[in-house]
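In UniProt numbering, the protein residues as written are 1 to 402.
This is the structure in structure tokens:
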């Protein structure tokens, strides 16, 4: 490549920085091409350092979150703040803050406008979201510490695929299950819960993608229209009912009695200003204690829905959950599975991040081939798959009994 061509390419990239495309698909195409180009121009030293010090941006972001730096900057996003001003506003020592801000600018999280002067960036706005803040804290305090145990754990097990529910990386690192550990670390559990609430931030809701009215067209002939198995506080069921208040039939959210007792449903937090007719529709949703490893008490429902449940478990335990659902399902019923579906070839790095995270718990994200095999053994066939997000591979599978 000639020097002239390099100069032309750099000019095009600089223009792209100041004027990125508005279309989401175009942005994704550009992002992926730029990311794939990086290894071609990256030196050996830069490649190795990127691997070895890859968590540094998260460390710096965590410090800045604790100091409320992003909130301070975004209160006046066009203004440049000096290091001294930010030290006074945060109470951090000037010398330390200089190092943190310098690092955030080096990783393009903040804009460096002059010597010892910094400004909010496009990216830093995302770090003012309470759910994202909680996610950074959770990953910093919890997952990254334990993720580093994976290589030693696999060496001890002679490199067996970690799918033993009673022998996990997490237990190796802490001596406890994840839920036992959270019970002793309530702040981390709170951060984890907040992050789960925004984990799919920016992604489409399944009811905006799937042909909901067609799927539920004969729901009136079923005893129950929708069963949200392991549905926690009811986020998905409430979202569906808000989007389609006229859908006929009862809607039920199921989860463990201990969780339903400990955490009030979202119905308890409806705003007082909500119109009475809207409130009445949502208050028709029923919450029911249920352990999905036991017999499904709701028979002949139109839709049984599982979201982010099966990736927590190895195949044998998943087969138990699925067969309980299969046995309860009548003619015309369907199973909806809302999970990652990795392509058989060409998985995205975002989906692989999730799979490595699940390794901590001897769990797994599955490819399409994995899902087809698991569901076939459990008495189901996949009728159709809708991809909700191409980067993370979050998808919804509509399944029927074989």
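Note that the Cβ used here is the ideal one computed from N, Cα and C, for glycine as well.
Checklist entry - Taking the alpha-carbon positions, what's the residue 98 to residue 61 distance? => result Residue 98 sits at position 98 when you count from the first residue of the chain shown. Residue 61 sits at position 61 when you count from the first residue of the chain shown. Approximately 14 Å, taken between the alpha carbons.
Item to check | Run of the beta strand (DSSP E) containing residue 303, from where it starts to where it stops | outcome: Here the question's residue 303 lines up with position 303 in the chain shown. Taken as a continuous stretch (DSSP letters only), the beta strand (DSSP E) holding residue 303 covers 301-307.
Item to check | Enclosing alpha helix (DSSP H) for residue 97 [first to last residue] | outcome: Position 97 of the chain shown, counted from the first residue, corresponds to residue 97. For residue 97, the enclosing alpha helix (DSSP H) has its first and last residue at 94-106.
Checklist entry - Do you know offhand how far residue 137's Cα is from residue 129's? => result Reading the chain shown from its first residue, position 137 is the one you call residue 137. Reading the chain shown from its first residue, position 129 is the one you call residue 129. So the two alpha carbons sit approximately 12 Å from each other.
Next on the checklist: When you compare the CB positions of residue 339 and residue 313, do they come within less than 7 Å of one another, or not?
Outcome noted: The residue labelled residue 339 in the question sits at position 339 within the chain shown. The residue labelled residue 313 in the question sits at position 313 within the chain shown. A distance of 7 Å or more separates the beta carbons of residue 339 and residue 313.
Next on the checklist: For a test of the three-state rule: what should DSSP assign to residue 260, helix, strand or coil?
Outcome noted: Your numbering for residue 260 matches position 260 in the chain shown. In the structure shown, residue 260 sits in a helix (DSSP, three-state: H, G or I).
Item to check | Top-ranked residue by Cα proximity to residue 403, from 343, 9, 66 | outcome: Residue numbering for the chain in the displayed model covers 1 to 402; residue 403 lies beyond these limits and cannot be assessed.
Checklist entry - To which residues of the same chain is residue 125 closer than 7 Å at the C-beta, ignoring the five residues directly before and after it? => result The residue labelled residue 125 in the question sits at position 125 within the chain shown. So the qualifying residues of the chain are 74.
Next on the checklist: Using only CA atoms, which one of 320, 393, 334, 328 lies nearest to residue 355?
Outcome noted: Working through the chain shown from its first residue, we reach residue 355 at position 355. When only C-alpha atoms are compared, the closest one is 393.
Checklist entry - Excluding the five sequence neighbours on either side, which residues of its own chain have a C-beta within less than 8 Å of the C-beta of residue 127, listed in chain order? => result Reading the chain shown from its first residue, position 127 is the one you call residue 127. Excluding residues within five positions, the ones whose Cβ falls inside 8 Å are 61, 64, 65, 70, 109, 133, 136.
Item to check | Beta-bridge partners of residue 254, as assigned by DSSP | outcome: In the chain shown, counting from the first residue as 1, residue 254 sits at position 254. DSSP output for residue 254 lists 229, 288 as bridge partner(s).
Checklist entry - On the three-state DSSP scale, how would you describe residue 14? => result Taking the chain shown and counting its residues from 1, one reaches residue 14 at position 14. It is helical.
Checklist entry - Of all the CB atoms in chain C, is at least one closer than 7 Å to the CB of residue 94? => result Reference to chain C is not applicable here, since this structure consists of a single protein chain.
Checklist entry - Which whole runs of the alpha helix (DSSP H) in the segment 102-144 are 4 residues long or more, in chain order? => result Listed in chain order, they are 130-138.
Item to check | Element boundaries [beta strand (DSSP E), containing residue 384] | outcome: Counted from its first residue, the chain shown places residue 384 at position 384. Per DSSP, the continuous beta strand (DSSP E) segment holding residue 384 begins and ends at 380-387.
Checklist entry - Below 7 Å between beta carbons: does that hold for residue 304 and residue 260? => result Sequence index remark: in the chain shown, residue 304 carries index 304 (1-based). Sequence index remark: in the chain shown, residue 260 carries index 260 (1-based). No, the pair does not count as a contact, with Cβ atoms beyond the cut-off.
Item to check | Buried versus exposed, by CB contacts within 10 Å (16 or more), residue 242 | outcome: Within the chain shown, numbered from 1, the residue matching residue 242 stands at position 242. It counts as exposed.
Next on the checklist: On the CB-based measure, 16 or more other CB atoms within 10 Å of its CB, does residue 262 come out buried or exposed?
Outcome noted: Your numbering for residue 262 matches position 262 in the chain shown. Result: exposed.
Next on the checklist: Runs of 4 residues minimum, wholly inside the segment 130-212: which ones carry the alpha helix (DSSP H) assignment?
Outcome noted: 130-138, 144-147, 150-156, 169-174, 178-184, 186-196
Next on the checklist: With H, G and I counted as helix, E and B as strand and the rest as coil, what does DSSP make of residue 60?
Outcome noted: As a position in the chain shown, residue 60 is number 60, starting the count at 1. The answer is helix: DSSP assigns residue 60 an H, G or I state.
Checklist entry - According to the neighbour-count rule (16 or more other Cβ atoms, all chains shown, within 10 Å of its Cβ), is residue 395 buried or exposed? => result Taking the first residue of the chain shown as 1, we reach residue 395 at position 395. By the 10 Å Cβ count, residue 395 comes out buried.
Checklist entry - Taking the alpha-carbon positions, what's the residue 324 to residue 318 distance? => result In the chain shown, the residue the question calls residue 324 occupies position 324. In the chain shown, the residue the question calls residue 318 occupies position 318. If I take the Cα positions, the gap works out to 10 Å.
Next on the checklist: Judging by CA-CA distance, which residue of 123, 101, 26 is the nearest neighbour of residue 116?
Outcome noted: Walking along the chain shown from the start, residue 116 turns up at place 116. From the listed residues 123, 101, 26, the smallest Cα separation to residue 116 is found for 101.
Checklist entry - Taking the beta strand (DSSP E) that residue 396 falls in, what are its first and last residues? => result Against the chain shown, residue 396 aligns to sequence position 396. Where residue 396 is concerned, the enclosing beta strand (DSSP E) stretches over 394-401.
Checklist entry - Between residue 228 and residue 362, which are expected to be in contact by the criterion C-beta below 8 Å, what is the C-beta distance as a whole number of angstroms? => result Looking up residue 228 in the chain shown gives position 228. Looking up residue 362 in the chain shown gives position 362. 25 Å between Cβ atoms; not a contact.
Item to check | Run of the beta strand (DSSP E) containing residue 444, from where it starts to where it stops | outcome: With the chain covering 1 to 402 only, the question about residue 444 has no answer from this structure.
Item to check | Contacts around residue 239, its chain only, beta-carbon distance under 8 Å, and the 5 residues preceding and following it disregarded | outcome: Residue 239 sits at position 239 when you count from the first residue of the chain shown. The residues are 205, 207.
Item to check | CB contact flag (residue 322, residue 373, <7 Å) | outcome: Locating residue 322 in the chain shown gives position 322, counting from the first residue. Locating residue 373 in the chain shown gives position 373, counting from the first residue. Contact check for residue 322 against residue 373 fails: the beta carbons are separated by 7 Å or more.
Next on the checklist: On a Cα-Cα basis, can you pick out the residue from 219, 364, 251, 371 that is closest to residue 168?
Outcome noted: Along the chain shown, one-based indexing puts residue 168 at 168. Of 219, 364, 251, 371, the residue nearest in Cα terms is 364.
Checklist entry - Tell me, which residues are paired with residue 367 by DSSP? => result To locate residue 367, count along the chain shown from 1; it is residue 367. 342, per the DSSP bridge assignment.
Next on the checklist: Taking the alpha-carbon of residue 286 as reference, which of 59, 277, 298, 76 has the nearest alpha-carbon?
Outcome noted: Translated into the one-based positions of the chain shown, residue 286 becomes position 286. The shortest Cα separation from residue 286 among 59, 277, 298, 76 belongs to 298.
Checklist entry - So, is residue 255 buried or exposed, given that buried needs 16 or more other C-beta atoms within 10 angstroms? => result Within the chain shown, residue 255 is the residue found at index 255, counting from 1. Buried: at least 16 other Cβ atoms inside 10 Å.
Checklist entry - According to the neighbour-count rule (16 or more other Cβ atoms, all chains shown, within 10 Å of its Cβ), is residue 306 buried or exposed? => result One-based indexing of the chain shown puts residue 306 at position 306. Buried is the call here.
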